[in-house]
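*Asks:* Position one of the first sequence corresponds to residue 23 (this note's numbering), numbered consecutively onward.
A virtual CB, placed ideally from N, CA and C, is assigned to each residue, including glycine.
It should be emphasised that the depicted structure is a prediction, and the values quoted were computed from it without experimental measurement.
Once you've had a glance at the structure underneath, I'll fire off some questions.
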Amino acid sequence: MIDIRFIRENADLVKAAITNKNEKADIDELLMIDDKRRKLQFEFDNKKALQNQVSGQIAAHKKNKEDATALIAQMSGVADEIKVINSELTAINNEFEAILLTVPNVPFESVPIGRDEASNKEIRVHGTPPAFDFEPKEHIEIATTNDLLDMARGAKITGSGFPVYTRQGAKLERAVINFMLEYHLQKHGYEELGTPFIVNRKAMTGTGQLPKLENDMYLCTEDDLFLIPTAEVPVTNMHMDEILPLAQLPIKYVAYTPCFRREAGSYGKDTKGLQRLHQFNKVEMVRFVEPEVSYAALEEMLIDAEEILQAFGLHYRVVELCTGDLSFAAAKTYDIEVWAPGAKRYLEVSSVSNFVDFQARRANIRYRDSEGKVRFVHTLNGSGVATPRLVIAILETYQNADGSFRVPQVLRPWFDLKV
RNA sequence: GGAGAGUUGCCGGAGCGGUUGAACGGGACGGUCUCGAAAACCGUUGUCCCUUUACGGGGACCCAGGGUUCGAAUCCCUGACUCUCCGCCA
23 MIDIRFIREN ADLVKAAITN KNEKADIDEL LMIDDKRRKL QFEFDNKKAL QNQVSGQIAA
83 HKKNKEDATA LIAQMSGVAD EIKVINSELT AINNEFEAIL LTVPNVPFES VPIGRDEASN
143 KEIRVHGTPP AFDFEPKEHI EIATTNDLLD MARGAKITGS GFPVYTRQGA KLERAVINFM
203 LEYHLQKHGY EELGTPFIVN RKAMTGTGQL PKLENDMYLC TEDDLFLIPT AEVPVTNMHM
263 DEILPLAQLP IKYVAYTPCF RREAGSYGKD TKGLQRLHQF NKVEMVRFVE PEVSYAALEE
323 MLIDAEEILQ AFGLHYRVVE LCTGDLSFAA AKTYDIEVWA PGAKRYLEVS SVSNFVDFQA
383 RRANIRYRDS EGKVRFVHTL NGSGVATPRL VIAILETYQN ADGSFRVPQV LRPWFDLKV
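What follows is the structure in structure tokens.
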């Protein structure tokens with residue numbers, strides 16, 4: 023969330039950010055409630071101060087065996103008054119919090135302003151589209167020919183958007199995950215976590231999925247627990263309500279998890295094969311850093327993700343998202359889009375974002391700086407990377423004229439692992 | 001699922017309903033001593049909110065939320081979590 027003090031002093035800036043992000047949040051209402059709640063708090067504090075003071079006197083009287091009935095009588099109504107103010111205060115604080123949680127993060131100053139992805143800015147292009155002396159096929163055809171994927175049976179046992187990877191397909195995907203994990207561990211110095219795939223409301227609120235995206239997530243109503251849409255949620259919330267010692271920063275975690283997304287409202291879009299799924303696997307990087315270095319860390323993470331695609335020898339481009347395409351919690355985001363020669367288009371395989379202190383405030387993740395002051399950390403995360411579209415790009419890039427495909431060199435050790 | 005025990009500050013661990021934001025011990029940090037270090041000794045060691053130019057002042061917080069009371073870390077209720085035993089089970 024955004025510091026209410028910042029909102030008070032920069033209301034116009036925050037309002038512009040809301041507009042530019044195509045979000046809705048009533049800042050005027052928020053500020054009005056903020057004012058009311060501070061007045062109530064003041065009243066509460068004063069009443070409490072009186073009660074504390076007289077209670078001290080009562081204690082002193084009793085200690086000296088003096089009569090305190092007058093003082094007790096004087097206080098008998100005060101407790102009720104405090105109770106009333108307190109319940110009003112609780113109500114207004116809840117109201118305040120509810121609105122504050124709907125205020126999106128403010129985009130970083132350099133982020134291009136724009137309505138939608140049309141205003142995104144291409145940062146760089148790596149490599150060139152591979153050339154074929156035959157017409158390259160789309161992944162779903164390659165997968166069918168080689169028995170890698172069974173979408174129909176996935177639909178039978180769950181529903182559409184739940185793929186079954188079959189035989190070599192399952193092995194290929196697992197090899198990809200292993201390769202990416204080890205790469206980040208060994209070359210980029212991340213620490214691996216294996217987290218729960220189901221989290222509670224507090225965690226979902228901490229990273230900013232709630233309250234906005236409740237409808238996009240799978241919910242176990244019996245226990246009020248959500249299936250994670252990304253490892254960002256459990257991993258970032260690892261340090262919820264903690265004050266980290268400076269020596270621990272930066273913290274760099276990598277985790278593989280499945281991701282579950284209802285994709286409400288996107289039916290009929292990118293439905294082919296593995297392009298858009300309700301369940302997919304992803305290797306995710308998360309960092310906790312000092313505020314001063316978070317934008318440098320963002321560039322580093324982007325490279326960390328790019329190296330994966332480079333290792334696979336894939337053609338891709340990096341795009342900086344404009345304000346309108348930026349997610350609710352992000353201040354700045356790069357997307358990496360890999361080239362799919364069969365589909366003849368770029369597919370988003372990674373999103374690398376700096377959330378600055380937005381998530382840290384929500385999840386109350388702080389650190390003690392070199393002067394001993396407690397401050398909010400900056401959090402970042404990036405896919406490194408999501409498997410379905412990576413598998414698409416691999417199959418389409420490494421396909422042969424006869425319909426077969428090659429396993430990229432870097433995957434061989436994982437694919438041909440001997441036991 | 002059944003029965004029981006617990007949840008206090010960085011950690012361990014006290015805490016009769018009334019100057020207890022919290023004894024005591026450990027750790028950490030600063031200082032004295034030392035050529036340096038250890039030991040010893042002295043000191044420091046909370047988060048958040050409101051107010052103040054500042055010094056300061058006020059409030060909240062001892063798992064969470066309610067209740068009893070003039071007053072709750074301390075009593076009562078509910079919930080969460082942890083541990084032990086039983087049952088079930090990968």
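Looking only at its chain, what residues have a beta carbon closer than 7 Å to the beta carbon of K37, apart from the 5 residues adjacent to it on each side?
*Replies:* Walking along the first sequence from the start, residue 37 turns up at place 15. The answer, listed in chain order, is I49.
*Asks:* Return the chain-ordered list of same chain residues with a C-beta closer than 8 Å to the C-beta of D272, the five sequence neighbours on each side being excluded.
*Replies:* Taking the first sequence and counting its residues from 1, the one referred to as residue 272 is at position 250. The amino acid occupying residue 272 in the given sequence is Pro; Asp does not appear at that position. Counting only Cβ-Cβ distances below 8 Å, and skipping sequence neighbours, we find R309, F310, V311, E312, V315, A319.
*Asks:* From the DSSP secondary-structure annotation, give me the bridge partner or partners of Q421.
*Replies:* Taking the first sequence and counting its residues from 1, one reaches residue 421 at position 399. For Q421, which the question treats as bridged, DSSP gives the partners F427.
*Asks:* Classify C242: buried if its beta carbon has 16 or more other beta carbons within 10 angstroms, exposed otherwise.
*Replies:* Taking the first sequence and counting its residues from 1, one reaches residue 242 at position 220. Under this definition C242 is an exposed residue.
*Asks:* For E329 and E144, what's the separation of their Cα atoms in angstroms?
*Replies:* Sequence index remark: in the first sequence, residue 329 carries index 307 (1-based). Sequence index remark: in the first sequence, residue 144 carries index 122 (1-based). Roughly 18 Å between the two C-alpha positions.
*Asks:* On the DSSP letters alone, give me the boundaries of the alpha helix (DSSP H) that F116 sits inside.
*Replies:* As a position in the first sequence, residue 116 is number 94, starting the count at 1. The sequence shown places Asn at residue 116, not Phe. Note, N116: alpha helix (DSSP H), 91 to 122.
*Asks:* Just to confirm my understanding: we take N142, look at its own chain, exclude 5 residues before and 5 after, and list those with CB closer than 8 Å. What are they?
*Replies:* Position 120 of the first sequence holds residue 142. Closer than 8 Å at the Cβ level, and outside the excluded window around N142, lie P134, G136, V341, E342, L343, C344, D347, D357.
*Asks:* What does L402 pair with, by DSSP beta-bridge criteria?
*Replies:* As a first step, residue 402 must be located in the first sequence, where it is residue number 380. R309, N376.
*Asks:* Report, in whole angstroms, the separation of the C-beta atoms of L122 and L62, which I expect to be a contact under 8 Å.
*Replies:* Here residue 122 refers to the residue found at position 100 of the first sequence. Here residue 62 refers to the residue found at position 40 of the first sequence. Contact doesn't hold; Cβ gap of about 16 Å is too wide.
*Asks:* Quick one: is M54 buried, meaning 16 or more other Cβ sit within 10 Å of its Cβ, or exposed?
*Replies:* For this step, residue 54 is matched to residue 32 along the first sequence. By the 10 Å Cβ count, M54 comes out exposed.
*Asks:* Taking DSSP's pairing of strands, which residues face N237 in a bridge?
*Replies:* Sequence index remark: in the first sequence, residue 237 carries index 215 (1-based). N237 pairs with nothing; no bridge assigned.
*Asks:* Which of the three DSSP states, helix, strand or coil, is assigned to E144?
*Replies:* What you label residue 144 is simply residue 122 of the first sequence in a count that begins at 1. Strand.
*Asks:* According to DSSP, which residues form a beta bridge with D357?
*Replies:* Start at 1 with the first residue of the first sequence, and residue 357 comes out as number 335. DSSP output for D357 lists V341, S373 as bridge partner(s).
*Asks:* Using only alpha-carbon positions, find the residue among K105, L296, Y275 that is nearest to N403.
*Replies:* Stepping through the first sequence from its first residue, residue 403 is reached at position 381. Closest option to N403, Cα to Cα, is Y275.
*Asks:* Distance check for F66 and I80, CA to CA, integer angstroms please.
*Replies:* In the first sequence, residue 80 corresponds to position 58, counting from 1. In the first sequence, residue 66 corresponds to position 44, counting from 1. About 21 Å.
*Asks:* Whole angstroms is fine: what's the gap from K193's alpha carbon to M202's?
*Replies:* Here residue 193 is taken as the residue at index 171 of the first sequence, counted from 1. Here residue 202 is taken as the residue at index 180 of the first sequence, counted from 1. Going from the Cα of K193 to the Cα of M202 covers about 14 Å.
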